[in-house]
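One structure is given here, and the rest of the page talks about it.
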Amino acid sequence: MLQISHISKTFNPGTVNEKKALNGVDLHLDGGDFVTILGSNGAGKSTLFGAIAGSFVVDEGTIRLDGQNITSLPDYKRSKFIGRLFQDPLKGTAPSMTIEENLALAYLRASEKRSPFSVVTAKDRAGFREKLAQLELGLEDRMDHPVGLLSGGQRQALTLLMATLVTPKLLLLDEHTAALDPKTAEIVMQLTNKVVQEKHLTTLMVTHNLRHAVEYGDRLLMMHQGHVIMDKAGDEKRALKVDDLLDVFTSISIECGN
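Take any residue in the sequence shown, note its place counting from 1, add 14, and you have its number in the numbering used here.
This is the structure we're talking about:
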């Protein structure tokens, strides 16, 4: 489904700020896989997401999604079939536009059958309301409210809905609960898992929350210095404990002299 072959990326090459962020990364995901990704700051996690989403072109290697080579495809074209949530709740939505208008933009952008002159119908709006009601946050009664008035958790929930309104081929969750308070983070994480499971979404989730990494998903990766240094799935993934991950982080820290 997702096939990443030996991708590398160096930022500011030939300067004192040169940074090799990805170093020959290989990764394969089957349809419906829910993969959590751990790693210290600078390990390459968000850079990997940027490469997949098309934020930049990798220096070498290929990225294929559902059999299509998307290595050089612009990000705006990838956004039609790749959903992405960021750490910052302010990203991913237009704050001055209403909830309904944000949903309409997401729907028209991702729907392959829509022309540039398409409009949102009454049936579409009814569908938006139904989807909002499933979030159980009361947003279905605030469709005419500007998104900028929502709390961080409400905004992340809305962004999740926007990213999956038209089922994407791949969902990227880039520390999407990190900026939320613990209670709200749990609500958004449970909602995320519900949407991923119900829609059988192929998902990559970067997190610094070790408990979330252990509890959610069917596979766990750990990155370090642009490499994937751990890949656990199936029974190995289910057997992992938070303390096991802490031990790995400790060993990495000692190895790096920290």
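All residues carry an ideal CB built from backbone N, CA and C; glycine is no exception. Every value quoted in this text rests on a predicted model; they were computed, and no experiment measured them.
*Mind pulling the alpha helix (DSSP H) runs of 4 or more residues that sit fully within the region 66–144?*
89–92 and 113–124
*If you draw a straight line from the alpha carbon of F25 to that of L36, how long is it in whole angstroms?*
10 angstroms
_Along the chain, where does the beta strand (DSSP E) containing L260 start, and where does it finish?_
Where L260 is concerned, there is no enclosing beta strand (DSSP E), although the alpha helix (DSSP H) it sits in stretches over V256 to E269.
*To which residues of the same chain is S60 closer than 7 angstroms at the C-beta, ignoring the five residues directly before and after it?*
D188 and V220
*If you check the beta carbons only, do A237 and V262 fall under 9 angstroms apart?*
Correcting the residue identity first, residue 237 is Met in this sequence and not Ala. Their beta carbons are not under 9 angstroms apart, which means M237 does not touch V262 by this criterion.
*Is L184 closer than 9 angstroms to L153 when the C-beta atoms are compared?*
no
_Nearest-angstrom Cα separation, counted from K34 out to G28_ = 11 angstroms
*Between A108 and the rest of its own chain, which residues show a CB-CB distance below 8 angstroms, the 5 nearest in sequence each way excluded?*
E115, N116, L119 and V161
*Got a sec, what are the start and stop residues for the beta strand (DSSP E) D188 sits in?*
L184 to D188
*Ordered along the chain, which non-local residues of its own chain (more than five positions away) have a Cβ less than 7 angstroms from that of N151?*
First, the amino acid is wrong: residue 151 is Leu here, not Asn. Closer than 7 angstroms at the Cβ level, and outside the excluded window around L151, lie Q168 and A171.
*asked:* Under 8 angstroms: do the region 133–150 and the region 87–107 share three or more Cβ pairs, one atom per stretch?
replied: no
*Grab the span of the beta strand (DSSP E) containing M203 for me, first residue to last.*
No beta strand (DSSP E) contains M203, which is instead part of the alpha helix (DSSP H) from P196 to K213.
*Determine the extent of the beta strand (DSSP E) in which M219 is found, giving its start and end residues.*
T217 to V220
_Let's test the definition: count the other Cβ atoms within 10 Å of the Cβ of G68 and tell me whether it reaches 16, buried, or not, exposed._
buried
*asked:* Looking only at its chain, what residues have a beta carbon closer than 7 angstroms to the beta carbon of S19, apart from the 5 residues adjacent to it on each side?
replied: D40, G75 and T76
*Cα-Cα separation, F70 to I84*: 12 angstroms
*Distance, Cα to Cα, A192 vs A227?*
13 angstroms
*Where does the unbroken alpha helix (DSSP H) through M176 begin, and where does it stop?*
G166 to T178
*Proximal residues to H42 (C-beta, below 6 angstroms), its chain only, five neighbours per side dropped*: Q17
_Beta-bridge pairing of C17 - partner residues as DSSP gives them_ = Checking the displayed sequence, the identity of residue 17 turns out to be Gln instead of Cys. According to DSSP, Q17 bridges with H42 and R78.
*What residues match up with S60 in a beta bridge as DSSP calls it?*
According to DSSP, S60 bridges with nothing at all.
*State the start and end residues of the unbroken alpha helix (DSSP H) segment that holds H226.*
L224 to E229
*Could you check what DSSP says for V49 in three-state terms: helix, strand or coil?*
strand
_Straight-line Cα distance separating T217 from I96_ = 10 angstroms
*Which residues share a DSSP beta bridge with A247?*
R233
_Helix, strand or coil, according to DSSP, for L36 in the structure here?_
strand
*asked:* Give me, in chain order, the residues of the same chain whose beta-carbon lies closer than 6 angstroms to that of L179; leave out the 5 immediate sequence neighbours on both sides.
replied: A120 and Y121
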